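The next block holds one structure in the form of structure tokens; read it before the comments.
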Amino acid sequence: MSESWGEEEKQAGSTPPGPEEEPPVVGWLFAGELLLNAALLVVLVYGAFRLYVRWRGAGTGGATLPRMKRRDFGLQQLREFDGTQNPRILMAVNGKVFDVTRGSKFYGPDGVYGIFAGRDASRGLATFCLDKDALRDEYDDLSDLNAVQMESVREWEMQFKEKYEYVGRLLKPGEEPSEYTDEEDVRDHSKQD
Numbered sequence: 001m002s003e004s005w006g007e008e009e010k011q012a013g014s015t016p017p018g019p020e021e022e023p024p025v026v027g028w029l030f031a032g033e034l035l036l037n038a039a040l041l042v043v044l045v046y047g048a049f050r051l052y053v054r055w056r057g058a059g060t061g062g063a064t065l066p067r068m069k070r071r072d073f074g075l076q077q078l079r080e081f082d083g084t085q086n087p088r089i090l091m092a093v094n095g096k097v098f099d100v101t102r103g104s105k106f107y108g109p110d111g112v113y114g115i116f117a118g119r120d121a122s123r124g125l126a127t128f129c130l131d132k133d134a135l136r137d138e139y140d141d142l143s144d145l146n147a148v149q150m151e152s153v154r155e156w157e158m159q160f161k162e163k164y165e166y167v168g169r170l171l172k173p174g175e176e177p178s179e180y181t182d183e184e185d186v187r188d189h190s191k192q193d
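Counting along the sequence shown from 1, when you hit position 106 you're at 106 in the UniProt record's numbering, and nothing is skipped either side.
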């Protein structure tokens, strides 16, 4: 080490750095690395938080509405719940009405399945058709669907039962709505929680 240390430095009274002494540049490098790692950690945590909030909020569809009391709907009554006239979004599948407001990204006015909001979606889901042709303005008994299409409707119904709140039945023409008691409504809601 003394060979590399010039004679001029020795004469000037300088001593070569020992093993315990590090040049000041190394300290700054360490501090810079530490700050860079801390900044990256903050960015990662923030990104993970944003993803969590987006994932958590994906099902909420914005405003949280109180649970809807159990009731039955005619086609005209159902149409009021299309996400434009009313913030709540309802959809019928196989004669059952579900509150799909939590999935407003899918079923809201701008959603991929938004065409079914406030409507009986059974035919469209059974035939995988997202056109207005799949919607009927009158009650649709689905009697012209084949066995495979009816099975598809039942599968969609099961998926909706698992994911969304059942709020009532879709009434056939001339059918009277059922009267649900508060006790039935509370019992059925607590089953879903």
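Virtual Cβ for every residue (Gly too), placed ideally from N, Cα, C. Source: prediction; values computed, not measured.
Short of 8 Å in beta carbon distance, which residues of its chain neighbour residue i, apart from the five on each side in sequence? Order them along the chain.
i	result
E157	V93, N94 and K96
G108	G61, G83, I89, G114 and A117
K191	Confidence in K191 is poor, its pLDDT being 47 and thus under 50, which makes the residue's placement unreliable; the coordinate value appears in the next sentence. If we look at K191 and ignore the five residues flanking it on each side, it has no Cβ neighbours.
Take residue i and list the residues in its own chain whose beta-carbon comes closer than 7 Å to its own, dropping the five residues that flank it on each side.
i	result
L171	D72, F73, G74 and P177
N86	E80
Assuming residue i contacts residue j (C-beta within less than 8 Å), just tell me the rounded distance between them.
i	j	result
R88	F81	5 Å
L145	R119	Not really, about 17 Å apart at Cβ, beyond 8 Å.
Look at the alpha carbon of residue i and the alpha carbon of residue j, and state the distance between them as a whole number of angstroms.
i	j	result
L125	Y52	30 Å
R154	G111	23 Å
F30	L44	21 Å
G27	A39	18 Å
D193	C129	Only weak support is given to the placement of D193: the predicted model assigns it a pLDDT of 40, under 50, and the question is left unresolved by the model.
L35	Y46	16 Å
Between residue i and residue j, is the Cβ-Cβ spacing less than 9 Å?
i	j	result
T64	G83	no
F98	V167	yes
Q149	T127	yes
A48	M91	no
R169	L142	no
Using 9 Å as the limit for Cβ to Cβ distance, is residue i near chain C?
i	result
P66	The question asks about chain C, but that chain is absent: this structure has only one protein chain.
So, at 6 Å on beta carbons, what are the nonlocal neighbours of residue i in its own chain, with the 5 sequence-adjacent residues on each side left out?
i	result
M68	D99 and V167
Y180	R70
S152	A126
The region 160-169 touching the region 128-139, judged by at least three CB pairs closer than 8 Å: Segments in contact, no.
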